[in-house]
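Take -19 as the starting number for the sequence shown in our numbering and just add one per residue. Every residue gets a Cβ at the ideal spot worked out from N, C-alpha and C, and that includes glycine. None of these values were measured; they are calculated from a predicted model. Before any comments, here is the structure.
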Amino acid sequence: MSKTPLKSIAVFSGSNHGFNPAYIESARALGREIARRGMRLIYGGTDKGLMGVIADSVIAEGGEVVGIITKLLFDLGHMHKGLTRYEVTHDMRTRKARMSECADAFIALPGGLGTFEELFEVATLTQLGEHHKGVACMNISGFFEPVRTLFNHAVAEGFMKAEHSEMLIYHTDPSVLIDALEQWQTPTVNKWIGSAQKPV
Ligand code: AMP
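Put into structure tokens, the structure is as follows:
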């Protein structure tokens, strides 16, 4: 299968560090791998939590980091000071749209509501065919297993096709995760159960 090199990757992650030190270590490892491959990191622009950790890690390796932050958070002084470039958006919706436009693929690290919302939104757009971009979860210490269980539940209950529940990539190794995103192919079924194949 041919590989499409990804130029920009958006990472969604917690604005807290989490209790398990493995989360911080994994955010650092993902940052190193993104920089090693010469890919641009797109993220929420803050110095807080795992978001700050991954930005620091890419910057320390000489990589490119683009922060897209809302005016509210910018005015609160949450902006990371060492970024290659940043954008300040009017609100969270505009920010998510800009992050989505700027990225070729998406990775979620452990996080809270903000991370889940971003992860689910980009996966929804992939499912609808609004964009054709792969979505992955860095499944540190099984953090995303409940998401996998929830998707399987939605399939079992007739609200989601298996192809869509299986389109998310789960792994703990950043290199495996990015390789899988480069090889990822958009599902060829449409969203609605019992309806025809999506024209490709
Ligand atoms: P959470 O997972 O709830 O900590 O939220 C993380 C996500 O929400 C990030 O990917 C950001 O988009 C957004 N977010 C939450 N707090 C901040 C912050 N201090 N600065 C920038 N973005 C934030």
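Contact check for T64 against V46 passes: the beta carbons are separated by less than 8 Å.
The chain-ordered list of residues whose CB is nearer than 5 Å to some heavy atom of the ligand AMP reads F(-8), G(-6), S(-5), G24, T26, K28, L53, H58, G91, G92, L93, G94 and T95.
Scanning the segment 39 to 113 for uninterrupted alpha helix (DSSP H) segments of 4 residues or longer gives 51 to 55, 72 to 82 and 93 to 108, listed from N- to C-terminal end.
Collapsing the DSSP output to three states places F(-8) in a strand. Under the criterion of beta carbons closer than 8 Å, L89 and M118 qualify as touching, at roughly 5 Å.
Every beta strand (DSSP E) stretch that sits fully inside the segment 104 to 175 and reaches 3 residues is listed by chain position as 115 to 118 and 149 to 151. Under the DSSP assignment, R20 falls in the beta strand (DSSP E) whose first and last residues are R20 to Y23. Here H133 is exposed: its Cβ has fewer than 16 other Cβ atoms, across all protein chains shown, within 10 Å.
The way I'd put it, the segment 87 to 102 does touch the segment -15 to -3; three or more beta-carbon pairs between them come closer than 8 Å. Within the model, the alpha-carbon separation for I4 versus S37 is close to 10 Å. Classified as exposed, G122 has fewer than 16 neighbouring CB atoms from the shown chains inside 10 Å of its CB. In terms of Cα proximity to L130, the closest of F96, G109 and D153 is F96.
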